[in-house]
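Undergrad:
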Amino acid sequence: MALRWSWSVAIPTLLALAGLVGSGLLWEKLSRIQGQLARQSADAGQQSLEAKAWAKQAQETVKESAARLSLVESRLGEVALQRGQLDELMQSLSRSRDENLVVDIEAAVRMAQQQSQLTGSVEPMLAALKSAQLRVQRVNQPRLTPVQRAIEKDIEQVKSSQVTDLPGLLIKLDELVALVDELPMANQPLSTTAPNTTGTAVSPVNPNWWQIGVDRFWQEVRGLLRVSRIDTPEAALLSPDQTFFLRENLKLKLLNARMGLLARQSESLQVDLKASAALVRKYFDMNSRKSQQALQLIEQAQLQLRKAEMPRLDGTLSALATAAAGR
Numbered sequence: 009m010a011l012r013w014s015w016s017v018a019i020p021t022l023l024a025l026a027g028l029v030g031s032g033l034l035w036e037k038l039s040r041i042q043g044q045l046a047r048q049s050a051d052a053g054q055q056s057l058e059a060k061a062w063a064k065q066a067q068e069t070v071k072e073s074a075a076r077l078s079l080v081e082s083r084l085g086e087v088a089l090q091r092g093q094l095d096e097l098m099q100s101l102s103r104s105r106d107e108n109l110v111v112d113i114e115a116a117v118r119m120a121q122q123q124s125q126l127t128g129s130v131e132p133m134l135a136a137l138k139s140a141q142l143r144v145q146r147v148n149q150p151r152l153t154p155v156q157r158a159i160e161k162d163i164e165q166v167k168s169s170q171v172t173d174l175p176g177l178l179i180k181l182d183e184l185v186a187l188v189d190e191l192p193m194a195n196q197p198l199s200t201t202a203p204n205t206t207g208t209a210v211s212p213v214n215p216n217w218w219q220i221g222v223d224r225f226w227q228e229v230r231g232l233l234r235v236s237r238i239d240t241p242e243a244a245l246l247s248p249d250q251t252f253f254l255r256e257n258l259k260l261k262l263l264n265a266r267m268g269l270l271a272r273q274s275e276s277l278q279v280d281l282k283a284s285a286a287l288v289r290k291y292f293d294m295n296s297r298k299s300q301q302a303l304q305l306i307e308q309a310q311l312q313l314r315k316a317e318m319p320r321l322d323g324t325l326s327a328l329a330t331a332a333a334g335r
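Position 108 (the sequence shown) corresponds to 116 in the working numbering; numbering is contiguous.
1. For S276, collect the residues of the same chain with a Cβ closer than 6 Å to its Cβ; drop the 5 residues on either side in sequence, then sort them by chain order.
2. Let's see if you can read the secondary structure: which residues bound the alpha helix (DSSP H) around A140?
3. Which residues share a DSSP beta bridge with F252?
4. Between M133 and chain B, is any beta-carbon pair separated by less than 8 Å?
5. Relative to the C-alpha of K138, which candidate in A283, N148, Q122 and V166 has its C-alpha closest?
6. Residues bridged to M294 by DSSP?
7. State buried or exposed for R266, treating a residue as buried only when at least 16 other CB atoms are found within 10 Å of its CB.
8. If we count Cβ pairs, one from each stretch, closer than 8 Å, do we get three or more for the stretch 292-302 versus the stretch 178-189?
9. Shortest alpha-carbon distance to Q278 belongs to which of Q54, K261, V288 and F252?
10. DSSP puts M193 in a beta bridge; with which residues?
11. Taking only three categories from DSSP, how would you classify A271?
12. Quick one, are the C-beta atoms of A331 and L142 less than 8 Å apart?
13. Using beta-carbon positions only, say whether Q125 and V144 come within less than 8 Å of one another.
14. Are there 16 or more other CB atoms within 10 angstroms of the CB of I113, so buried, or fewer, so exposed?
15. According to DSSP, is R336 helix, strand or coil?
16. Can you check which of these residues, Q121, V147, N148 and R146, is closest to A135 by C-alpha distance?
17. Mark P132 as exposed unless 16 or more other C-beta atoms lie within 10 angstroms of its C-beta, in which case mark it buried.
18. May I ask you to report which of helix, strand or coil DSSP gives R320?
19. Please report the distance separating the alpha-carbon of L34 from that of I41.
20. If you follow the alpha helix (DSSP H) that A186 is in, where does it begin and where does it stop?
21. May I have the straight-line CA-CA distance separating V348 from L325, to the nearest angstrom?
22. What number of angstroms, rounded off, separates the C-alpha of A309 from the C-alpha of I220?
23. Pull up the distance between the alpha-carbon of Q312 and that of L177, whole angstroms please.
24. Secondary structure at A331, three-state DSSP: helix, strand or coil?
25. In angstroms, rounded to a whole number, what distance separates the CA positions of A59 and A66?
26. Compute the Euclidean distance between the alpha carbons of E307 and Q149, then round it to the nearest angstrom.
27. At which residues does the alpha helix (DSSP H) containing S168 begin and terminate?
28. Anyone know if the C-beta pair for V117 and L321 falls short of 8 Å?
29. So the candidates are N257, D293, A271 and L270; which of them puts its Cα closest to the Cα of A283?
30. Please tell me whether A158 and A327 are closer than 8 Å, where the distance is taken between their beta carbons.
31. Does the ligand MN have a heavy atom nearer than 7 Å to the CB of L313?
32. Since L191 and F292 should fall inside the 8 Å C-beta cutoff, what is the C-beta to C-beta distance between them, to a whole number of angstroms?
33. So, at 8 Å on beta carbons, what are the nonlocal neighbours of E160 in its own chain, with the 5 sequence-adjacent residues on each side left out?
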């Protein structure tokens, strides 16, 4: 009985001791786990603070980088704009030698043509064309061959052209102005002292008194009556005052033609000479030798001006324009 009791008491005691030991061990393990969790939680909090600090620093860095990037982009845009402007400037400054040559020759030829028109001499055009010919030959570019051919053709044209005889034309115009007052009008009556050209019989050497009276009466009648053909009615209706102003108007047109000749205005000169010739034909007696002489002088001046017309350098200018366009 005593042995049975001892075992019944010892087993629960042992079990209690084992449970107590297990609980202690379990409590110790839980304590370690709690401490570890506390340390991990503290580490996590520290890491979180560090992460927030890094995040804030990263945000500031991003903002600073964005500002710098914006500044860089702005600077880059300015640099690109400056580069474009510099490229355009370099292109304008670095035009090819041929383009500069074409531009220079065209300006020189146009200036020489204007000088020739003002001075009435072909020497400026001839000098400009010869200089252009030498410059084109010195460059020796195949695309400028049409320009060289046009220059050679215009040089031959200028050499073969006639120069206006300025002193001769001035003399003709001065003669015309002096001749205007001597031109007979188309409605001017015949002189009573005109010779007998009717083919009638000549009076005898010793005429009778009645024959002398008849001859005088016939001469007076012939002086009062004139039968002639006038193609323009305006010429027949001119009064003496109108005749004076007509002569003065003709003189003014001839003087204007003289001024146009001195000023190298060929178009106005031709217009004044044409108007002067029309006035002579319309209002003056074309059967008169002086009227025919005046009309002949006008026609000679017109013919001389047409023959001595100033040549134009259209061929060279057209070839230069084609070369400048790059065609």
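For each residue, glycine too, the CB sits at the ideal point set by N, CA and C.
TA: Well, looking at it:
1. Here the set comprises G268.
2. Here the alpha helix (DSSP H) through A140 covers E131 to V147.
3. F252 is not bridged by DSSP to any residue.
4. Within the model displayed, chain B is absent; a lone protein chain is all it includes.
5. Considering only alpha carbons, the answer is V166.
6. Looking at the DSSP output, M294 sits in no beta bridge, so it has no partner there.
7. Around the Cβ of R266, a 10 Å sphere holds 16 or more other Cβ atoms; the residue is buried.
8. By the C-beta criterion, the stretch 292-302 is judged to be in contact with the stretch 178-189, since at least 3 inter-stretch pairs fall below 8 Å.
9. Nearest in C-alpha terms to Q278, of all of Q54, K261, V288 and F252, is K261.
10. M193 pairs with F292.
11. Coil, per DSSP.
12. Result no, Cβ atoms of A331 and L142 do not sit closer than 8 Å.
13. No, Cβ-Cβ distance for Q125 and V144 is not below 8 Å.
14. Classification of I113: buried, given that the 10 Å Cβ count is 16 or more.
15. Lying outside 9 to 335, the shown extent of the chain, residue 336 is not represented and no answer is given.
16. Taking only the C-alpha atoms, the option nearest A135 is Q121.
17. It counts as buried.
18. Looking at R320 - three-state DSSP - the assignment turns out to be coil, as it is neither helix nor strand.
19. One C-alpha to the other measures close to 10 Å.
20. L174 to L187 is the extent of the alpha helix (DSSP H) around A186.
21. Residue 348 falls outside the range modelled here, since the chain spans only 9 to 335, and no answer is possible.
22. Roughly 52 Å between the two C-alpha positions.
23. Straight through space, the alpha carbons of L177 and Q312 are spaced by roughly 8 Å.
24. Note: A331 maps to helix in three-state DSSP.
25. Cα to Cα, the separation comes out at about 10 Å.
26. Our two residues, E307 and Q149, have alpha carbons roughly 49 Å apart in a direct line.
27. Segment T153 to S168, the alpha helix (DSSP H) holding S168.
28. Yes, the pair counts as a contact, with Cβ atoms nearer than the cut-off.
29. When each option's Cα is compared against that of A283, the closest is N257.
30. Cβ distance < 8 Å, so A158 and A327 count as in contact.
31. Because no ligand of any kind appears in the structure shown, any question about the ligand MN cannot be addressed here.
32. 5 Å between Cβ atoms; contact.
33. Correct list, in chain order: Q141.
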